[in-house]
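Sequential numbering of the sequence shown, starting at 2, is according to the numbering used here. Don't be surprised by glycine CBs; every beta carbon is placed ideally from N, CA and C.
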Amino acid sequence: TIAAGTLLARGGQAIGDRSAVLVGAGATLALADGETVGSLAGQGRVALGSARLNAGGDNSFTTFAGTLDGTGGLTKAGAGTLTLAGTNTYTGGTTIAAGTLQVGDGGTAGSLVGDVANAGTLAFNRADAVTFAGTISGPGGLTKLGAGTLTLTAAHSFTGPTTVAAGGLGLTAPASLVSPVITLAGTTLTHAGTLAGGLTNAGITLTSGTIAGGITNTGSLTATGGALDGAIRNAGQVAVTGAVSSDAGFANAAGASLTVSGRYALAGGLDNAGTVAIADGGRLVAGRVANAGLLTIAAQGSVVDDLLNTGRLVNAGAYTADAVNAPGGTLINTGTFTTVSAPFVNAGTLVTTGSLTGGLTNTGAVQAAGVLAGPVSNAPSGVIALTGPTTGITRLANDGAFDLGGTALSVGSLTGTTATATLGNGRLTVGTDGSASDYAGQIVDGASPTSLTKVGAGTLTLSGLNTFSGPISILGGDLAVTGALPNAALTFGAGSRLTGDGWFGTVSLGAGSVLSPGAAPGALGLIRVAGSLTLAPGSVYRVDATPDGRADRVAVGGGATVAGARVEAVAGAGAWAPRTRYTILTAAGGVQGRFAGVSSSFAFLTPFLGYEPNAVTLTLARNDLDFAAVAHTRNQRAAAAAVQAGAVGSTLYDAVATLSAPQARAAFAGLAGDAHAGLASTAFATAGLSREAVLDRLRWGGAPEARDYGALPAAYAADRPGEPVEPVAVPARVFDPRIVSLWGQGLGSLGHVRADANAAAQSRRSAGFVMGVDARLDGLGLGGLRLGVVGGHVETDLASPGQVQTGTLASTFGGVYGSLEAGPAVLRFGALAADEPARLRRVVAFPGLTDTPSARTGGRSVQGFGEAGYRVALGAGAVLEPFVGAGAVALGRDRFAEQGGAAALTGAARASLLPTATAGLRAEAQLDPEAALPVSVHALAGYRRTFGDGVPSAVLAFRGTGARFVSAGLPIDRDALVAEAGLSVLLSPAASLGLSYTGQIGARAQDHAAKGAFTVRF
């Protein structure tokens, strides 16, 4: 005990380590060296100087209300508690090795400065506010006692828990804690720094900083900004009043509340079993919301997240998300609800009087008014009741109960597959999007009559029993009824049509509307009208009829008024008798007036109407118009005459007899078989490819055997001895001893012949090869003569537009050729013979007939040709040669019989001869004779004239009738321009390669070929 004066302790052992030291008021303990004591108490002064005092090793609980000063430090040892209740100014730092160091004893005194290394517990117990600016480190914890508030301003690294047991704890930036924070009931936490270890709050927390590591709240937490990171478990009250973010989920327990008046960005999900309120101006953006409690959104509030609702949700603001209102859930929407990627799914109770956008899929109960935008699907278990005017439904699919609530509803389309579904009690408009609607349910009356208006170009099909009694107005498109509308009055406007086999109350068709029984064009139908039928002037009754005496019919229980309307007759395919009579309208109450007339699309059947008191009849009779009379071309007329020769009962005759004139012309064109005649054109073009291959060899392949080696040096004797001799250049021509040449050519060609007024256009594609061998006969005394043999194969595919006529012609040929040179003059000649089988397939399709006949036909060709030219040397290896040529191609095709149905043809054998004459100019030049691989280029331009019968034809007959007719193919161009360009490379004195292009262009046809050639000499 130091009662008065000063005790100076030196050497570190001046006081026993287990001694209890009491420094009385006014007394001083001065340390010259570090000292250890058992405990420290009193009200005096401890002058640390630069030494460190270690106190508390005796595990006692003492209070020191005096002053610790100096540059030294304090170490708290032992399991007890040392309370510092005075003003301390020492700056050497504090170490808590064990136990508790408490600052203050519940009053307003007690202080601590500097940093603390904490391995125990640091406690602050003040009744007033206190700020600690030092840093706390180590594994120990921090406890806040006393009614005052402790404010931390530094970044702390201690890892023990922070417990607010009384009063308040405040963190101001940049203050931070890495340890978990626990606030007890009745305490406060004011936070603007960083809590990295999470928060367990049973008090009152106000935060604008960052809380990481999660939050468990049973008290009250208000976030005015910052971040609430980690999982949040709330059993108390949480309020978000500023811009706050969370990186995990929020679990709101039963009895708990979350109020958002600021902007809350919640990356995880919100699981609510309590109460969530989005106030005016509040905004919640979350990954998802699972609501099993109460979620309210004020008028100026908004939520963005996917929703699963099994509780109660009241939205007066804006909700943007995909949403499911599950069984047991109730959702009341007076604001705006917008789904993102799928319709709103309701299996609970939905009441919306605001705006719901994105569509609705319902298996529960819905009460709706306002905007219901998008497609709406109502399952068999679903009930939808409109409670006020509703707009926005694009497609309504109803298989449950849909009550219009006495209001008007307009939808883009109406569908449903359940016959027991009901729809009615209001005014319904269908078809605003122009699409088709197919509804199998029932349209019924409710507390008020139901009316139906059809608009748009689509078809509305009703197949259920529709008992409603209000009016039906069809203002556009088709109404197809296969069910019943026994109580309804139907009115049709311009551009509308009634089809099907339905049963109606009354029917009135205005000008521009159409009555057409049957489910589809060509299908027969019966329409029954219990009351009256009115066909106004300008309306049309369209009647389908078949050759066996059946036709569309309308049966009217009352009277039928038809004055001024027209009848259009449409005949089906089949064998028509010369005269067929049908009853097309019956009326128990009598027929009033007469139709304005009857028309049909038939070229060869004429319709007549007959009238009885209670019926109208239609008669279709074969007229005397020949089939050929509607044809436009020679081929059409020829085919038409052959079809008509088959007479009534033949498949072709019966099919054509019910066609319109345009349909008949198309049928005759398809039946004419002009592709068979066109085989001659294809064979002629193929013959040109083989002929040009031989001429290419004779024109461009002969020069390399004799090569000009340029100027060689030579020396002559001098007249004057002793003087130098100048060399003189002497041209020398060295002849290649190789006289036999093997050559080949590969080719590909594309051709097209434009259609004329008679035959269809044709495209052809050819590919093939040619091989030959020839020899110069110089050694036999026949200078300048070359003779050779040649063979090859070319295959040509042909097609007409749309692949209606396709085929292949294969030409396998052989022959001889030669050339004779006499100075600059040259004569080239040859003869070729080819076997040319072909395959053809035709597609014949028109109303009443589809057939795909095909045939294999044999054929051959023989041709001879010659060409004379005169070479003019231009120097530097360049040559010009004007030339004239002539040839003739004899073509023959065998008779054939197509395999197929009624459109199959037989054809007679035929032959044709086509002479040609050609005149032009060819040029050739060597680019660099001394190059390692000498290159020569060549070109040709000329005019070709074709003689003979340029329009190929075939004598054909239909296999079913035997009637012959002549079909003409596409004309062969009389005049054409021919051109060629290419190059060859001399690989060695014995071998060369070449590439070239050849084209022939006429007024109607053109062919373009690419060729590659080689030559090897022996």
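Cβ-Cβ distance between residue i and residue j below 8 Å
{"i": "G808", "j": "S691", "result": "no"}
{"i": "V24", "j": "G45", "result": "yes"}
{"i": "G671", "j": "V845", "result": "yes"}
{"i": "G275", "j": "N253", "result": "yes"}
{"i": "S209", "j": "G243", "result": "yes"}
{"i": "T962", "j": "A643", "result": "yes"}
{"i": "Q443", "j": "N426", "result": "no"}
{"i": "A629", "j": "F603", "result": "no"}
{"i": "I473", "j": "L486", "result": "yes"}
{"i": "L96", "j": "T76", "result": "In the sequence as displayed, the identity of residue 96 is Thr instead of Leu. Yes, they are a contact pair."}
{"i": "Y265", "j": "V290", "result": "no"}
{"i": "S801", "j": "Q746", "result": "no"}
{"i": "V315", "j": "T339", "result": "no"}
{"i": "A48", "j": "A31", "result": "yes"}
{"i": "P953", "j": "S682", "result": "yes"}
Cβ distance (whole Å) where residue i is taken to contact residue j below 8 Å
{"i": "G135", "j": "G149", "result": "No, G135 and G149 are not in contact; Cβ-Cβ is about 18 Å, not under 8 Å."}
{"i": "D70", "j": "Y91", "result": "6 Å"}
{"i": "A10", "j": "A28", "result": "At roughly 13 Å, the Cβ-Cβ gap does not stay under 8 Å, so A10 and A28 are not in contact."}
{"i": "V890", "j": "L850", "result": "Going by Cβ atoms, the distance from V890 to L850 rounds to 38 Å, so no, they are not a contact pair."}
{"i": "A388", "j": "A370", "result": "Here residue 388 is Thr; the residue named in the question, Ala, does not match the sequence. Between A370 and T388 the Cβ distance is about 5 Å, and since that is below 8 Å, they are a contact."}
{"i": "A99", "j": "A80", "result": "6 Å"}
{"i": "L516", "j": "R551", "result": "Actually they do not touch by this definition, with Cβ atoms about 18 Å apart."}
{"i": "A324", "j": "V346", "result": "7 Å"}
{"i": "F959", "j": "L680", "result": "Contact doesn't hold; Cβ gap of about 19 Å is too wide."}
{"i": "G312", "j": "L295", "result": "6 Å"}
Local Cβ density within 10 Å of residue i, reported as buried at 16 or more and exposed below that
{"i": "A718", "result": "Per-residue confidence for A718 stands at a pLDDT of 45, beneath the threshold of 50, marking its modelled position as unreliable; the derived number appears in the next sentence. Exposed is the call here."}
{"i": "G355", "result": "buried"}
{"i": "G970", "result": "buried"}
{"i": "Q1001", "result": "buried"}
{"i": "N624", "result": "exposed"}
{"i": "S750", "result": "buried"}
{"i": "F469", "result": "buried"}
{"i": "P328", "result": "exposed"}
{"i": "D306", "result": "buried"}
{"i": "Y871", "result": "exposed"}
{"i": "F1019", "result": "exposed"}
{"i": "T2", "result": "exposed"}
{"i": "G17", "result": "exposed"}
{"i": "A934", "result": "Note that residue 934 is Leu in the sequence shown, not Ala. Exposed: under 16 other Cβ atoms inside 10 Å."}
{"i": "V735", "result": "Any reading at V735 needs caution, since the residue's pLDDT is 44, under 50, leaving its predicted position unreliable; the model's value is listed next. It is exposed - the Cβ of V735 has fewer than 16 other Cβ atoms within 10 Å."}
{"i": "L143", "result": "buried"}
{"i": "R755", "result": "exposed"}
{"i": "V1087", "result": "In the structure as shown, the chain starts at 2 and stops at 1019, and residue 1087 therefore has no counterpart that could be examined."}
Proximity winner among the options, relative to residue i (alpha-carbon distances)
{"i": "F609", "options": "L680, V568 and A588", "result": "V568"}
{"i": "G893", "options": "L267, E837 and A370", "result": "E837"}
{"i": "A823", "options": "K77, G785 and V261", "result": "G785"}
{"i": "G598", "options": "N363, L453, G294 and V617", "result": "V617"}
{"i": "S262", "options": "G256, V277 and L271", "result": "V277"}
{"i": "P522", "options": "D502, A910 and G995", "result": "D502"}
{"i": "T507", "options": "G496, A531, F493 and G513", "result": "A531"}
{"i": "N334", "options": "A348, A1014, P344 and V367", "result": "V367"}
{"i": "G921", "options": "V241, F884, P953 and R755", "result": "F884"}
{"i": "G432", "options": "A130, V456, A441 and T101", "result": "V456"}
{"i": "A905", "options": "L941, D852 and G360", "result": "D852"}
{"i": "G43", "options": "I385, A21, E899 and N615", "result": "A21"}
Within-8 Å CB hit, residue i to chain B
{"i": "G227", "result": "Protein chain content of the structure displayed is limited to a single chain, and chain B is not contained in it."}
Runs of alpha helix (DSSP H) lying entirely within the region 773-821, each at least 4 residues, in chain order: none
Pick out the complete beta strand (DSSP E) segments inside the region 609-635, 3 residues or longer, and give them in chain order. 616-623
In chain order, which continuous runs of the beta strand (DSSP E) of length 3 or greater are located wholly inside the region 896-973? 906-908, 911-927, 936-947, 954-959 and 965-969
Enumerated in chain order, which unbroken segments of the beta strand (DSSP E) with a length of 3 residues or greater are wholly contained in the region 312-346? 313-316, 319-321, 324-326, 331-334 and 337-339
Can you check the region 49-135 for any alpha helix (DSSP H) of at least 4 residues that lies completely inside it and give the ranges in chain order? none
Residue ranges of each beta strand (DSSP E) within the region 200-251, 3 or longer: 200-202, 205-208, 216-218, 221-229, 233-235 and 238-247
Runs of beta strand (DSSP E) wholly within the region 521-566 (minimum 3 residues, chain order): 527-530, 534-536, 541-546 and 554-557
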